[in-house]
Each structure stands twice: as C-alpha cells, then as structure tokens.
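Okay, so here's the structure we're looking at.
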Amino acid sequence: MDQIQGRNNEYFRPSALDGRTLFFNYCLHFPITRQLLRNYFTEQFGDNVVENVFFGRRSGMIAGYGNITFSTSVLPHAIMGEEVESRMFICNTWLRFKKFK
14 MDQIQGRNNE YFRPSALDGR TLFFNYCLHF PITRQLLRNY FTEQFGDNVV
64 ENVFFGRRSG MIAGYGNITF STSVLPHAIM GEEVESRMFI CNTWLRFKKF
114 K
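In this note's numbering, each residue carries its 1-based index in the sequence shown increased by 13.
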C-alpha cells in the first residue's frame, strides 16, 4: 500500500497526457516568476489550482519557456478553450500557452 500513496509516486505524477499541463513561453526581457503565475491563476480560478510551475534552463540560465501543471484537467480547457495556442497578458508580460498533443 505504501507504494501507491502520495503525490510523489510515479503513478500520480502529472504528465502531458492527463490534460492538466500547459506549455508556455515568454520574452526574457519581461521575466515572470512562479509566484506571479500562481498568484494570477489563484485570483482567476481560486485557491490551490496550480500544482507545479517548471521553468526550462539552458546552460544554467532561464530559457524563456516552461510548463504549468494545474490541479485538474478542467482548468487548461477553461483557459484555452478549443484553441491549441493562446496568448495571455499576465503581470506585464505576454505569455504564449500551448496544449500538449
């Protein structure tokens, strides 16, 4: 039973296939932080909607892309609708979101 308990177990880790994750990219001249993204989506959709925010890195520096995993698969659909790609202006930064295929 201990093998399947907890969100850290590989069976519970979010993947692109479960529909809860969106890819995003942004301009490095207008950086954004994990906390700004969490605050924005909390204000828009309520508490505990963002499960994880990951920023990509190249040679130890932030690369201008990442992904955001929500607590439910309803949120990416609410944000994107039927679109595959969408742009949003969040905290003075344009972010382009894409659904994983």
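Beta carbons: idealized from backbone N, C-alpha and C, even for Gly.
Per the DSSP calculation, residue i is bridged to which residue(s)?
{"i": "R47", "result": "Paired residues: none, contrary to the question."}
{"i": "L41", "result": "Partner(s): none; L41 has no beta bridge."}
{"i": "R71", "result": "M74"}
{"i": "R109", "result": "N38, R100"}
With DSSP run on the structure shown, which of helix, strand or coil describes residue i?
{"i": "N61", "result": "coil"}
{"i": "N80", "result": "strand"}
{"i": "E56", "result": "helix"}
Where do the N-terminal and C-terminal ends of the alpha helix (DSSP H) with residue i fall, by residue?
{"i": "I88", "result": "Residue 88 is actually Leu in this sequence, not Ile. Element bounds for L88: 87 to 93."}
Applying the criterion that 16 or more other CB atoms from any shown protein chain within 10 Å of the CB defines a buried residue, is residue i buried or exposed?
{"i": "T55", "result": "exposed"}
How many whole angstroms separate the CB atoms of residue i and residue j, which I take to be in contact at a CB cut-off of 8 angstroms?
{"i": "L50", "j": "V63", "result": "7 angstroms"}
How is the beta strand (DSSP E) around residue i delimited, first residue to last?
{"i": "S99", "result": "98 to 103"}
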